[in-house]
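A.B. asks: Mind having a look at this structure? Questions to follow.
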Amino acid sequence: MDFFQAFWLGIIQGITEFLPISSSAHLILTPVLVGWTDQGVAFDLAVHVGTLLAVVLYFRRDVTNLTKDGVASLLQQRFIGQGLMACYLVIGTVPAALAGLLLLDLIDTQLRSVEIIFFTTLIFGLLLGWADWRPSQRRTITTLTWRDALLVGTAQALSLIPGTSRSGITITAGLMLGLSRESAARFSFLLAIPITALAASAKLMEVATGDVVVDWSGFVIGGLTSFIMALTAIHFFLKWLNRFGMWPYVLYRMALAAVIYVLLMN
15 MDFFQAFWLG IIQGITEFLP ISSSAHLILT PVLVGWTDQG VAFDLAVHVG TLLAVVLYFR
75 RDVTNLTKDG VASLLQQRFI GQGLMACYLV IGTVPAALAG LLLLDLIDTQ LRSVEIIFFT
135 TLIFGLLLGW ADWRPSQRRT ITTLTWRDAL LVGTAQALSL IPGTSRSGIT ITAGLMLGLS
195 RESAARFSFL LAIPITALAA SAKLMEVATG DVVVDWSGFV IGGLTSFIMA LTAIHFFLKW
255 LNRFGMWPYV LYRMALAAVI YVLLMN
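Under our numbering, the first residue of the sequence shown carries the number 15, and numbering increases by one thereafter.
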């Protein structure tokens with residue numbers, strides 16, 4: 015992998031990981047459209063680590079409080095401070111973790127086609143627009159229940175299908191449960207931390223136990239660019255959330271679906 019490919023794929027991953035437009039779809043489609051070879055598992059590990067570090071850094075205070083209060087709640091067998099939210103994040107992570115463990119081979123071999131990405135990009139984009147358009151989205155993140163966490167987590171499991179978008183489907187679920195845009199987005203980003211850590215760990219095991227040759231220059235370039243761009247994407251997404259809502263991303267997904275149809279399906 016040359017510098018140019020690692021640089022641009024890192025940028026694409028960093029931007030699309032936390033915007034509701036599907037990073038997996040973009041990483042699959044980009045090499046197809048420009049004629050690059052597959053970037054490989056080591057590069058996937060690098061960009062996962064980059065985006066994980068970005069979301070942990072951006073929400074560092076929340077992460078510190080959630081970790082501290084979660085451990086204290088476990089030791090004292092009662093919820094302390096942010097201990098209940100930490101519990102909800104665990105509940106929300108379980109469905110995607112189980113789905114990844116049981117279905118990853120199926121997803122990697124059967125569900126990465128251009129046709130599936132076209133339909134998931136289109137359908138889940140329209141669903142996001144409908145959820146954002148609905149009125150009475152006023153619940154705050156403090157009103158979450160374990161059922162909400164489980165439902166959002168179940169939606170997150172669908173994001174293993176390329177084109178769905180992890181942030182898109184979890185924000186959609188949050189909005190459909192009546193959460194405000196801010197609360198739905200915040201829970202989605204916090205929920206990204208454990209599942210991204212698990213994904214990075216799985217990639218690390220694959221690299222460590224397999225016959226994978228690590229291109230260290232591509233690894234560093236991809237990880238660094240994805241980190242910087244993910245940090246930027248999170249900041250501006252949250253800053254512009256109330257001003258623009260979800261419709262810019264819905265329209266982008268419609269345009270992307272049109273490009274996929276015209277260029278890759280005809």
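Heads up, the beta-carbon is just placed ideally off N, CA and C, and yes, glycines get one too. Note that the structure is a prediction, hence the values are computed from the model and not measured.
Starting from LEU193, follow its DSSP beta bridges and name the residues at the other end.
C.D. replies: BP columns for LEU193 point to ARG153.
A.B. asks: Whose C-alpha, out of HIS249, LEU33, LEU47 and ASP52, is nearest the C-alpha of ALA20?
C.D. replies: Answer by Cα proximity: ASP52.
A.B. asks: I need the boundaries of the alpha helix (DSSP H) containing SER87, first residue and last residue.
C.D. replies: SER87 -> alpha helix (DSSP H) spans 74-90.
A.B. asks: Report buried or exposed for THR186, applying the criterion of at least 16 other Cβ atoms within 10 angstroms of its Cβ.
C.D. replies: Flag for THR186 reads buried.
A.B. asks: Between the alpha carbons of SER231 and ILE25, how many angstroms are there, rounded?
C.D. replies: Approximately 15 Å between the Cα atoms of the pair.
A.B. asks: Quick one: what does DSSP say ASN256 is sitting in, helix, strand or coil?
C.D. replies: It is helical.
A.B. asks: Might you give, ordered along the chain, the residues of its own chain that have their beta carbon closer than 6 Å to the beta carbon of SER197, omitting 5 neighbours on each side?
C.D. replies: Excluding sequence neighbours, SER197 sits near THR154 and ILE155.
A.B. asks: Leaving out the 5 sequence neighbours to the left and right, which residues in its chain are closer than 6 Å to SER87 when beta-carbon positions are compared?
C.D. replies: Hits under 6 Å: PHE93, ILE94 and GLY97.
A.B. asks: May I ask which residues mark the beginning and end of the alpha helix (DSSP H) holding VAL104?
C.D. replies: Where VAL104 is concerned, the enclosing alpha helix (DSSP H) stretches over 97-124.
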